[in-house]
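Chains as they are written, first to last, in our numbering: chain H, 38 to 209; chain S, 21 to 571; chain V, 320 to 811. Glycine residues also receive a C-beta, built at the ideal position from the N, C-alpha and C atoms. Below you'll find the structure, written out as structure tokens, and then a few comments.
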Amino acid sequence: MSDEIIQLETPFQFNEENMKKVDELIGRYPIKEAAMLPTLHLAQKQAGYISPAVMKHVADLLEVTVMKVKDVVTFYPMFFEEPVGEYVIRVCQTLPCALRDCKVVLDHLKEKLGIDVASETNLAKGTTEDGKYTLMKVECLASCDVAPVIMINDDLHKNLTPEKVDEILNNL
Amino acid sequence: MAFIKLNDLEIEVEDGTNIVEAARQNGIEVPHYCYHPGLTRPANCRMCLIETYGTPPGAPPGTIAPDRQLATGCTTTVRTAPPERKYEEKFDAIIRTDSPRVVKAREDILEFLLVHHPLDCPVCDQAGECDLQDFSHRHGRDKSRYVEVKNVPPKKDLGPDVLLYSTRCIVCTRCVRFCQEVSGTGELGLINRGSHDEIDIPRSHEGNPIQVLDNKLAGNVVDICPVGALISKDFLFKSRPWFMDKEDSICTGCSVGCNITVEYKEDGVYRVKPRFHEDINQHWMCDDGRLGYHYVNRDDRLQLPLKKVDDEQTTTQWADAINTIKEKLGEVEAEDIVVIGSAQGTNEDNYVLQQFAHDVLNTTQLGLFGQLPGEEHKYPQFTIESDKNPNTAGARTILGSANGNVVLEGEDLWQKVASAKVVYLVSGVPDRKLQDEEKAALENVEFLIVQDVLPSEITELADVVLPGTTFAEKDGTFTNSTGWVQRIRKTVDPPGEAQVDWQITQQLAKQLGSEINYSFAGEISIAISENVQGYEEATHQNIGDAGVKLA
Amino acid sequence: MVQQKRILYEHLDVPNINTFDVYRQHDGYKRFEKAIAEYQPDDVSKMVMDSGLKGRGGAGFSTGLKWSFVPKDIEPRYLCCNADESEPGTFSNRYVLEKNPHLLIEGILICCYAMGIETTYVYIRGEFTLGKKMLDAALEEAYEQGYLGENIKDSGINVNIYSHPGAGAYICGEETGLIESLEGKRGQPRNKPPFPAVEGVFMKPTVVQNVETLCNLPFIVDKGVEWYTEMGPIYGDARFDPPKPDPNTGTKLYCISGDVNEPGVYELELGLTCSELIEVAGGLRGEEVKAVIPGGSSAPILTHYELDTRLDFTSLTLAKSMLGSGGIIVMNETRNIVDCLLNIMKFYAHESCGQCTPCRWGTPWVRDIVQRIADGEGRQEKITRPKFGIAEGGRWGDTGETEEIYEDLDLLESVANNIANVDTMTWNTICVFGIAVSWPAVSYMRKFRPEFEATIREGKLTTLSVEEATVPPEENYAFQQRIIPKEMSELG
């Protein structure tokens with residue numbers, strides 16, 4: 038092999054509180070593997086992103102191969118394989134938001150934060166240098182009645198205009 | 021048995037057979053990629069679409085029309101239906117694989133499959149044995165309408181012997197399923213989603229491997245890849261498939277006795293691939309066996325007899341070597357001679373050898389030599405045996421088949437060897453390391469005759485070395501650990517003046533006045549069938565491609 | 320004007336209805352108590368069957384019929400509640416989860432009682448963080464109050480409900496994709512058969528129901544089948560003699576967005592027309608309706624000629640579209656249909672799970688063609704092909720004439736149809752995602768062909784007036800082939 042197999046010198050460990058949660062999650066299903074998505078969400082909350090060490094730890098806990106975890110992580114856009122900003126800004130760009138000028142909101146955010154939009158395989162290009170913001174496009178957030186919308190971390194912001202965006206960013 | 025109408029054929033197939041197989045059994049090709057008879061069926065390639073017939077909802081009973089949706093042949097199985105549910109009062113199913121809808125669907129799917137596939141057939145190893153090439157030729161359109169930019173995912177190193185040319189991959193997931201189901205090691209999976217799907221091993225985001233494809237069955241993923249995406253490093257750029265000849269044979273890597281196909285040219289063996297045997301290896305073989313052929317092609321193969329003169333081995337003529345042996349054998353008593361057969365040799369080699377020992381030398385002291393035991397590897401659907409010889413069972417039985425013959429092994433053998441004056445050791449074991457007691461015993465022998473294929477610690481000790489042949493250079497049979505007697509077949513010529521092992525033994529016998537005179541291995545198999553208990557059915561003619569299981 | 324009929328949403332805006340106490344004050348869990356006190360499980364199933372309730376998730380399959388396929392002798396059986404609301408234009412489940420989660424729990428309890436199910440997973444899309452939080456809180460309360468867990472209210476019934484977050488994949492809204500995802504794998508839909516009712520999650524019989532469907536159950540149990548079937552039309556399927564009843568009963572949470580003055584969720588009896596709904600939603604924002612998507616972004620588009628179509632399962636299907644999940648997106652005269660199609664095709668190309676060949680590589684191909692046209696790089700070459708239209712006997716078909724069409728438009732239509740054919744309703748894919756791609760692609764192109772042609776011809780996005788952009792009714796394949804269903808009462 039041309040590449041060295043990477044050694045995981047600092048393995049990821051769930052903290053005590055999360056470990057309890059993982060145990061509880063695993064108990065919900067007849068097979069451990071089924072706890073994959075909630076466990077990964079927890080891991081991402083704790084670690085910030087899904088590193089190889091996280092994958093390995095989750096694989097061990099759920100008794101699956103590392104590849105199975107990798108396979109899942111790369112399928113679902115909500116899991117990050119790279120560090121992201123403190124605030125992840127998801128801008129909905131699907132038709133109902135597009136009909137309500139989401140592009141104006143997106144362009145405003147790009148200009149204001151001075152970054153491009155992240156792609157799923159390159160989050161770095163959509164992350165500010167200070168590591169504060171990551172800007173990404175997402176598909177329909179199921180809030181078409183209050184379009185255009187963005188999500189900042191877990192919070193949805195509705196009926197946006199550039200002015201409202203400024204206000205929201207200022208209040209973060 | 022189910023009675024079905026397949027196109028215009030009215031055929032019987034076993035219950036539970038899928039349409040791809042039913043068609044194949046009747047000479048009809050249903051093109052497919054993701055379906056492999058040894059794996060589960062995700063029906064993701066959509067290539068094997070067929071038209072099934074049924075009674076439309078609301079239509080009067082007895083009405084038969086094509087179902088609205090095409091079905092995948094790989095997941096559509098046929099079963100005997102109760103009388104009231106038979107079509108035209110006799111058929112359990114009516115299926116067409118040649119209707120205009122099916123023909124169009126195949127063209128459409130092939131067009132999609134080729135959207136991102138590069139046109140690099142001229143430099144692709146798979147060209148000539150590529151399902152994408154073949155099915156495109158037979159079922160596809162002559163041109164693509166795709167004018168957009170093609171995806172160009174990177175080439176990847178997956179493991180010690182496997183490369184992935186991702187651009188060529190059609191994401192059939194056969195390799196992924198193989199690693200989950202057969203090897204159970206799960207190194208391969210899909211990454212990303214949609215048109216960005218790629219096969220890969222787990223890696224960090226930067227691309228460094230977390231695990232590599234290094235299980236001992238990994239080479240099979242190359243065989244089952246229907247396109248040129250998974251490539252064996254061992255075979256990379258070595259030959260066009262159509263330039264190689266092929267012969268069915270048996271793997272010599274262990275006592276499982278995997279059925280193989282040896283692909284070769286005049287200058288040597290190029291590749292070994294597994295061949296289906298339902299009861300032995302299914303569709304698979306291990307990498308030890310797959311890559312174990314290299315010794316056949318080695319430059320240092322023994323090509324001429326060697327004779328020790330003044331403690332120095334020099335090449336000599338066959339006549340001289342045989343004469344030297346004849347003279348020496350004339351000097352000793354029968355009880356001072358030990359004849360050792362090889363678990364790497366064929367049943368035929370060993371039969372002639374024991375005949376020579378028993379009938380010509382009048383010795384009943386025989387031994388069995390072979391490769392040292394190795395590790396056993398158990399996978400969910402495959403086991404690699406710890407006995408690294410293909411024919412231990414056969415050699416043991418056949419060497420001991422004549423009246424009074426004793427076949428010594430292990431410590432008993434080396435004790436006997438240590439006190440013998442002449443030892444005739446047929447080895448043929450590539451790169452056999454000698455253990456201390458073995459070496460000591462052989463050093464003690466007054467006159468050591470070694471018949472082998474490669475120079476080794478053993479040949480160094482020999483007074484006469486006779487150049488023998490590998491499995492690739494002779495016909496014969498092996499008996500595996502579960503009692504299957506199977507054929508190996510000659511592919512390449514032996515190097516230099518090397519000779520088939522039983523022929524060497526026969527020459528010696530003739531020199532000593534024996535009338536042993538076989539002209540081909542099949543003839544010996546008849547003698548074996550007549551004289552060795554259990555081998556009554558095991559003539560070459562009976563064995564054929566499927567093998568014969570000992571009673 | 321058609322009036323809202325708020326049943327599922329009746330108490331949605333009651334302050335703190337998300338808490339057990341307030342929910343209880345509004346008859347919360349009393350419908351479930353009534354179910355277990357007054358009915359046997361089979362009675363509940365029969366009521367659901369008789370109510371004509373059709374699944375609200377998109378396919379509109381009869382809920383009662385689906386339940387009848389579940390083998391009762393295989394244990395355990397599971398219920399998966401589909402709260403992976405991802406269809407663009409749909410947002411009614413979100414409000415239930417965020418504002419009235421106990422209603423969903425009560426619906427689940429009734430379903431579990433009827434089907435003898437002890438474990439339910441609510442698969443919530445990952446982006447619904449608030450919805451999941453509210454549901455989890457409600458679940459906790461329900462456990463505390465003894466409405467979940469072992470031996471609920473001394474009835475001997477055990478029900479556990481777990482919420483399970485998705486992670487941003489549209490395809491997990493497909494029922495077998497959801498099941499795969501729930502099992503901790505990629506959300507790649509399974510081949511059917513076997514259907515989930517027979518072999519679903521963990522290979523056990525599984526009922527998969529949308530949030531809205533489950534929320535209907537308490538009211539059916541409480542107020543009865545007769546009350547329920549009075550809402551919405553019951554059509555007669557004239558293929559059968561006598562006509563077979565085809566109920567489109569109940570209310571629907573219509574989600575309306577785009578160019579209307581008051582976008583939002585409106586709970587209305589099934590069967591109002593598209594124009595009526597626009598009126599309910601405060602009327603059009605703009606001068607003229609150019610187009611309406613009637614059932615989420617995968618539904619074939621309707622032109623302004625088709626606004627009299629009733630928004631129910633049967634009428635829309637017979638109009639060669641679908642009600643789907645009830646997400647109505649309205650577009651006014653300023654909208655460019657090519658641009659709208661591009662937006663939708665980007666969505667589908669992003670969301671294709673990549674499992675089967677036609678969708679994996681066909682969907683991005685369709686997107687690329689539309690992108691090229693929208694970028695003004697559509698090829699000017701034209702090809703000649705058979706013309707479809709009103710053929711002999713007044714029926715839609717091959718007219719025997721030929722027409723000229725831009726090569727790229729022919730290609731767009733052909734590639735989309737090769738993924739899933741909208742005319743024959745056959746798909747080469749594993750799941751119905753294929754048809755969700757080709758429906759918009761083909762319907763937009765055919766119904767607004769002049770706008771596509773103008774865009775190619777001009778080499779830039781060109782928006783025509785509504786009249787100019789829309790093919791006239793006599794050339795509209797859907798309009799010409801549509802069947803307007805008759806209600807049973809009309810058929811006598």
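Asked                                                                                                                                                                           : Found
Within 8 Å of any Cβ in chain H, is that where the Cβ of residue 527(S) sits?                                                                                                   : no
Is any beta-carbon of chain S found at less than 8 Å from that of residue 592(V)?                                                                                               : no
According to DSSP, is residue 278(S) helix, strand or coil?                                                                                                                     : coil
Helix or strand or just coil, what does DSSP make of residue 440(S)?                                                                                                            : coil
Return yes when the Cβ of residue 749(V) is within less than 8 Å of the Cβ of residue 674(V), no when it is not.                                                                : yes
Can you list, in chain order, the residues of its chain whose CB lies under 6 Å from that of residue 619(S), leaving out five sequence neighbours each side?                    : It is not possible to answer for residue 619(S), since the shown part of chain S is limited to 21 through 571.
Does the beta carbon of residue 188(S) come closer than 8 Å to any beta carbon on chain V?                                                                                      : no
Please report how far the alpha carbon of residue 377(S) lies from the alpha carbon of residue 383(S), in whole angstroms.                                                      : 5 Å
Is residue 97(H) helix, strand or coil by DSSP?                                                                                                                                 : helix
Which runs of the beta strand (DSSP E) fall wholly inside the region 66-125 of chain S and span at least 3 residues, in chain order?                                            : 69-74, 113-116
Can the beta-carbon of residue 305(S) be found less than 8 Å from the beta-carbon of residue 283(S)?                                                                            : no
Who pairs with residue 540(V) in a beta bridge, going by DSSP?                                                                                                                  : DSSP, once it has assigned bridges, lists no residue as partnering residue 540(V).
On the three-state DSSP scale, how would you describe residue 288(S)?                                                                                                           : strand
Counting only the same chain and skipping the five closest in sequence on each side, list residues whose C-beta sits under 8 Å from that of residue 215(S).                     : 136, 171
In its own chain, which residues sit with a C-beta less than 6 Å from the C-beta of residue 466(S), not counting the 5 before and 5 after it?                                   : 441
Would residue 154(S) pass as an interface residue toward chain V - the criterion being a Cβ-Cβ separation below 8 Å?                                                            : no
Curious, which full-length alpha helix (DSSP H) runs of at least 4 residues does the region 113-186 of chain S contain?                                                         : 120-133, 151-159
Excluding the 5 residues flanking residue 95(S) on each side, which residues of the same chain have their C-beta closer than 6 Å to its C-beta?                                 : 61, 63
Helix, strand or coil: how does DSSP classify residue 297(S) here?                                                                                                              : strand
Across the region 499-517 of chain V and the region 352-365 of chain V, are there enough close Cβ pairs to call them in contact, namely three or more that are closer than 8 Å? : no
Please say whether residue 147(S) and residue 98(S) have beta carbons closer to each other than 8 Å?                                                                            : no
In terms of residue numbering, what span does the beta strand (DSSP E) encompassing residue 479(V) cover?                                                                       : 479-484
With a Cβ-Cβ cutoff of 8 Å, do residue 182(S) and residue 242(S) count as a contact?                                                                                            : yes
Check the Cβ of residue 180(H) against every Cβ in chain V and list those closer than 8 Å, keeping chain order.                                                                 : 410, 413
Exposed or buried, which one is residue 585(V) when buried takes at least 16 other CB atoms within 10 Å?                                                                        : buried
Of all the options 690(V), 645(V), 664(V), which has the alpha carbon lying nearest to the alpha carbon of residue 573(V)?                                                      : 645(V)
Looking at the unbroken beta strand (DSSP E) that takes in residue 471(S), where does it start and where does it end?                                                           : 467-472
Between 30(S), 28(S), 68(S), which lies nearest to residue 41(S) when the distance is taken from Cα to Cα?                                                                      : 68(S)
Cβ of residue 486(V) less than 8 Å from any chain H Cβ?                                                                                                                         : yes
Name the chain V residues whose beta carbon is nearer than 8 Å to that of residue 215(S)?                                                                                       : 668, 671, 673, 679, 680, 682, 683
Is the CB of residue 300(V) under 8 Å away from at least one CB in chain H?                                                                                                     : For chain V, the structure presents residues 320 to 811; residue 300(V) sits outside this window and is missing.
Under 8 Å between C-beta atoms, does residue 659(V) make it to chain H?                                                                                                         : yes
Could you work out which residues of chain V lie near residue 72(H), taking near to mean beta carbons separated by less than 8 Å?                                               : 503
Scan the region 297-348 of chain S and note each continuous beta strand (DSSP E) run of 3 residues or more that stays entirely inside, going in chain order.                    : 326-329, 332-335
Shorter than 8 Å from the beta carbon of residue 108(H) to some beta carbon of chain S?                                                                                         : yes
Looking at residue 42(H): is its Cβ nearer than 8 Å to the Cβ of residue 229(S)?                                                                                                : yes
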